[in-house]
Amino acid sequence: MNLWRAIVLAVLVATAPALLAGEIPPDAHRSGYSFMGPDTRAMQDDDTSNPGMLFVLDGEALWGKKTGGADKACADCHGDARSSMKGVAARYPAFDKALARPVTLDQRINLCRANHQQAAPLPYESRDILALSAFVAHQSRGVAITAGDDPQLKPFVEQGRNLFMQREGQLNLACTNCHDDNFEKRLAGSPITQAQPTGYPLYRLEWQTLGSLERRLRSCMTGVRAQAYDYGAPELTALELYLMARARGMPMETPAVRP
Amino acid sequence: MPTTRRQFLSLAGSVTVIPIVTLRPLEATPAMLNTAIRNVVGEAPIRTGKVKLDIPPLVENGNTVPMTVSVASPMTADDYVKSIHIFNEKNPQPNIGNFYLNPSSGRAQVSTRIRLADTQKVVAVARLSDDSFWQVTADIVVTLAACTEEVN
Amino acid sequence: MAALINVPSRAKRGDIIEIRTLTSHIMETGFRRTVDGALVPRDIITSFTCRYNGTEIFRADLFPAIAANPYLSFFTVAKESGKFEFAWIGDNGYSSTASASITVE
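In structure tokens:
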């Protein structure tokens, strides 16, 4: 297919000259926002024109809605999310003692549903899980990311870093080849960003809906012609954790808008 | 990391630029566009002018393209815009939206977000209170996203 | 499902005000196919109206080329205090409404 030949060519042109750059120093970190055009920025900037806010509103309604065998709402335990959830998403994925591994915010919501609400888990990428997770993460908008600070997470951050650096797929590319070494170049007309996960779940114009970081990671893997990990796979959690740890100090933007 | 031999050979061997081509089975043809416009306008002449179409000339994703259309009009009881009609050339269907205004609109301006399946023309036609028709055409380049998901 | 409405809460009589609406809807075009080749049936909002104290001030016909979660912005002259009512109608009996009030001085 011509499209794929063009993409392969673009990747090769982009990656061939500079594969030496390595990791981006913290003071050079840039949100995906800074790579977007003015129209897409405007869509994110104004809450009444940001379609991600529709999901935040739905999430707010779900937060207060009693559910499951326990007939309890999130609000019954956590109260006003504006105070209780402020900064929480900036710390996720976080270490779960019982499971002895990191869990994502989506997984935490489902653990809460299972343990405290006696409710069935919400499927990955379903409207309700995205709405709840967008509502919770929105409470951290502007809060600096601190995920990965917990020393118990160290081996998992390292696992994520290794996955980020590991070549994969038919195009034999690692995340780092594009997102550390060649950001700001273009791939089939689109700017390559630094892959900073500051705005998830976010509204992607391509998807025409909100989506999780796991969905985005899976698209990238499809893009390099690799077999994407399943939703909930420990590898995706480790990658998410590494990306969040890598973005340490950057402000949360949820719900971001991206092309 | 050094450039691999495989990459270098591919690079060296790929001197010509391969155009990005998408084939879509369903496309509104210019004839369909013309018919759709005539369905609204009838036999009346369409003049160029008065209408302004504000769309980024190079859009980041064709699935959600911000668009603003405005018409130079005093919007008084005697002289106002009755309706604005937006059309496209290459989507599966030529219509995008019809917007109905009146003197109490105050300003003849509407914004929305549209889908453009490919690089193409967008046409806006305004019907004024004297039943004259005015149009503007914009050429939009739609870039394709990299690393998109499998179509399903 | 949610809708976001932006109407100024106060305006001076005669001011031209902008009204912005954003509503949740998939806007399935009816032109897409599943991996098995089956056509995904059309499911779109076909019509939007805005009434100002009962009088229609803006109406739109929408087609599959309108993006998911339709956004519309338009203008009106602030004439009197009261209520804006918004209605979206679509395929498969879809119907939703919202309202917003304004104080005109």
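Chains as they are written, first to last, in the working numbering: chain A, 1 to 259; chain B, 1001 to 1152; chain C, 2001 to 2105. Glycine is no exception: its CB is placed at the ideal position from the N, C-alpha and C atoms.
By DSSP, does residue 1096 of chain B sit in helix, in strand, or in coil?
Position 96 of the second sequence holds residue 1096 of chain B. Strand.
Can you find the residues in the same chain that come closer than 8 Å, C-beta to C-beta, to residue 1 of chain A, ignoring five residues on each side of it along the sequence?
As a working mapping, residue 1 of chain A is identified with position 1 in the first sequence. With a pLDDT of 46 at residue 1 of chain A, under the threshold of 50, the modelled position of that residue is not reliable, and the figure given next carries that caveat. Result list for residue 1 of chain A: empty, nothing under 8 Å.
When you compare the CB positions of residue 159 of chain A and residue 238 of chain A, do they come within less than 9 Å of one another, or not?
The residue given as residue 159 of chain A occupies position 159 in the first sequence. The residue given as residue 238 of chain A occupies position 238 in the first sequence. Yes; because the gap between Cβ atoms is below 9 Å, this pair is in contact.
Could you check how far apart the C-beta atoms of residue 60 of chain A and residue 141 of chain A are, in whole angstroms? I think they sit under 8 Å.
What you label residue 60 of chain A is simply residue 60 of the first sequence in a count that begins at 1. What you label residue 141 of chain A is simply residue 141 of the first sequence in a count that begins at 1. With a Cβ gap of about 14 Å, residue 60 of chain A and residue 141 of chain A do not count as contacting.
Return the residues of the segment 2062-2093 of chain C that lie within a Cβ-Cβ distance of less than 9 Å from chain B, sorted by chain order.
2062, 2063, 2064, 2065, 2066, 2067, 2068, 2069, 2070, 2071, 2072, 2073, 2074, 2075, 2076, 2077, 2078, 2079
Taking residue 1109 of chain B as part of the beta strand (DSSP E), name the residues at either end of that continuous run.
On the second sequence, position 109 is the one that residue 1109 of chain B refers to. Start and end: 1109-1114.
Give a yes or no on whether 9 Å exceeds the smallest Cβ distance from residue 2026 of chain C to chain B.
Within the third sequence, the letter at position 26 stands for residue 2026 of chain C. No - not a single Cβ of chain B is within 9 Å of the one on residue 2026 of chain C.
Under 9 Å, Cβ to Cβ, is there at least one residue of chain A near residue 1107 of chain B?
Here residue 1107 of chain B corresponds to residue number 107 of the second sequence, with the count starting at 1. Answer no: the Cβ-Cβ gap between residue 1107 of chain B and chain A never drops below 9 Å.
To the nearest angstrom, how far is the alpha carbon of residue 1023 of chain B from that of residue 1091 of chain B?
Locating residue 1023 of chain B in the second sequence gives position 23, where the first residue counts as 1. Locating residue 1091 of chain B in the second sequence gives position 91, where the first residue counts as 1. At residue 1023 of chain B, the pLDDT of 43 sits below 50, so the modelled position is not reliable and the matter cannot be decided from this model.
Using the beta-carbon count (16 or more within 10 Å), is residue 1029 of chain B buried or exposed?
By one-based count along the second sequence, residue 1029 of chain B stands at place 29. Counting Cβ neighbours within 10 Å, residue 1029 of chain B comes out exposed, since fewer than 16 surround it.
Look at the alpha carbon of residue 193 of chain A and the alpha carbon of residue 184 of chain A, and state the distance between them as a whole number of angstroms.
Taking the first sequence and counting its residues from 1, one reaches residue 193 of chain A at position 193. Taking the first sequence and counting its residues from 1, one reaches residue 184 of chain A at position 184. Each residue's alpha carbon lies about 6 Å from the other.
6 Å CB neighbourhood of residue 96 of chain A in its chain, flanking five on each side removed
Taking the first residue of the first sequence as position 1, residue 96 of chain A is located at position 96. Closer than 6 Å at Cβ, skipping near neighbours: 103.
Counting only beta-carbon atoms, is residue 1056 of chain B nearer than 9 Å to chain A?
On the second sequence, position 56 is the one that residue 1056 of chain B refers to. Yes, residue 1056 of chain B counts as interfacial toward chain A.
Along the segment 1066-1096 of chain B, what residues have a CB closer than 8 Å to any CB found in chain A?
1066
Where residue 230 of chain A falls: helix, strand or coil (DSSP):
In the first sequence, residue 230 of chain A corresponds to position 230, counting from 1. Three-state result, residue 230 of chain A: coil.
Is it true that the CB of residue 191 of chain A sits closer than 9 Å to the CB of residue 35 of chain A?
As a working mapping, residue 35 of chain A is identified with position 35 in the first sequence. As a working mapping, residue 191 of chain A is identified with position 191 in the first sequence. Yes, they are a contact pair.
Below 8 Å on C-beta distance, what does residue 1114 of chain B contact in chain C?
Start at 1 with the first residue of the second sequence, and residue 1114 of chain B comes out as number 114. The contacting residues are 2065, 2066, 2067.
Of all the residues that make up the segment 2002-2026 of chain C, which are near chain A by a beta-carbon distance shorter than 7 Å?
2002, 2004, 2006, 2020, 2022, 2024
Using a Cβ cut-off of 7 Å, pull out every chain A residue sitting near residue 1063 of chain B, in sequence order please.
As a first step, residue 1063 of chain B is located in the second sequence; it is residue number 63 there, counting from the start. Those are 205, 206, 208, listed as they occur along chain A.
For residue 1115 of chain B, tell me which candidate among B:1059, B:1047, B:1043, B:1034 has the shortest Cα-Cα distance.
To locate residue 1115 of chain B, count along the second sequence from 1; it is residue 115. Checking every option, the nearest Cα to that of residue 1115 of chain B belongs to B:1059.
Tell me, please, whether the CB atom of residue 2106 of chain C is closer than 9 Å to any CB atom in chain B?
Nothing can be reported for residue 2106 of chain C: it is not among the residues displayed for chain C, which extend from 2001 to 2105.
9 Å is my cut-off, CB to CB: does residue 1132 of chain B come that close to chain F?
Going by chain labels, chain F is absent from the structure shown, which instead holds the protein chains A, B and C.
Any beta carbon from chain C within less than 9 Å of residue 1039 of chain B's own beta carbon?
Residue 1039 of chain B sits at position 39 when you count from the first residue of the second sequence. No, no contact with chain C.
Whole-angstrom C-beta distance between residue 1100 of chain B and residue 1083 of chain B, which should lie under 8 Å
Counting from one through the second sequence, the residue named residue 1083 of chain B turns up at place 83. Counting from one through the second sequence, the residue named residue 1100 of chain B turns up at place 100. Correct: roughly 5 Å between the Cβ atoms.
For the beta strand (DSSP E) that contains residue 2101 of chain C, what are its first and last residues?
On the third sequence, residue 2101 of chain C is found 101 positions in, with the first residue counted as 1. That run of the beta strand (DSSP E) goes 2095-2104.
Using DSSP with H/G/I as helix, E/B as strand and the rest coil, what is residue 2031 of chain C?
Locating residue 2031 of chain C in the third sequence gives position 31, counting from the first residue. In this structure, residue 2031 of chain C counts as coil in the three-state DSSP scheme.
Check whether the Cβ atoms of residue 2068 of chain C and residue 259 of chain A sit closer than 9 Å, and answer yes or no.
Here residue 2068 of chain C refers to the residue found at position 68 when the third sequence is read from its first residue. Here residue 259 of chain A refers to the residue found at position 259 when the first sequence is read from its first residue. Their beta carbons are not under 9 Å apart, which means residue 2068 of chain C does not touch residue 259 of chain A by this criterion.
Strictly by DSSP, which residues pair up with residue 1124 of chain B?
Residue 1124 of chain B sits at position 124 when you count from the first residue of the second sequence. Per DSSP, B:1086, B:1136.
Range covered by the alpha helix (DSSP H) that runs through residue 205 of chain A:
Start at 1 with the first residue of the first sequence, and residue 205 of chain A comes out as number 205. Segment: none, residue 205 of chain A is in no alpha helix (DSSP H) and carries neither H nor E.
Inter-residue spacing [alpha-carbon to alpha-carbon] between residue 168 of chain A and residue 178 of chain A:
As a first step, residue 168 of chain A must be located in the first sequence, where it is residue number 168. As a first step, residue 178 of chain A must be located in the first sequence, where it is residue number 178. Using only the alpha carbons, I get a separation of about 13 Å.
Using the beta-carbon count (16 or more within 10 Å), is residue 2014 of chain C buried or exposed?
Position 14 of the third sequence, counted from the first residue, corresponds to residue 2014 of chain C. Answer is exposed; the Cβ neighbour count stays below 16.
Please check the pair residue 23 of chain A and residue 180 of chain A, which I expect to be a contact at CB under 8 Å, by giving their CB distance rounded to whole angstroms.
Numbered from 1 along the first sequence, position 23 holds the residue referred to as residue 23 of chain A. Numbered from 1 along the first sequence, position 180 holds the residue referred to as residue 180 of chain A. Confirmed, Cβ separation roughly 6 Å.
Name the residue from C:2064, C:2080, C:2089, C:2074 whose alpha carbon lies nearest to the alpha carbon of residue 2028 of chain C.
As a first step, residue 2028 of chain C must be located in the third sequence, where it is residue number 28. For residue 2028 of chain C, the nearest C-alpha among the options comes from C:2064.
Interface residues of chain C facing residue 51 of chain A [CB-CB closer than 7 Å]:
For this step, residue 51 of chain A is matched to residue 51 along the first sequence. What residue 51 of chain A touches in chain C: 2022, 2069.
Out of A:125, A:101, A:132, point me to the one whose CA is closest to residue 112 of chain A's CA.
Numbered from 1 along the first sequence, position 112 holds the residue referred to as residue 112 of chain A. When only C-alpha atoms are compared, the closest one is A:132.
Looking at the unbroken beta strand (DSSP E) that takes in residue 2083 of chain C, where does it start and where does it end?
Working through the third sequence from its first residue, we reach residue 2083 of chain C at position 83. Counting along the chain, the beta strand (DSSP E) containing residue 2083 of chain C begins and ends at 2082-2090.
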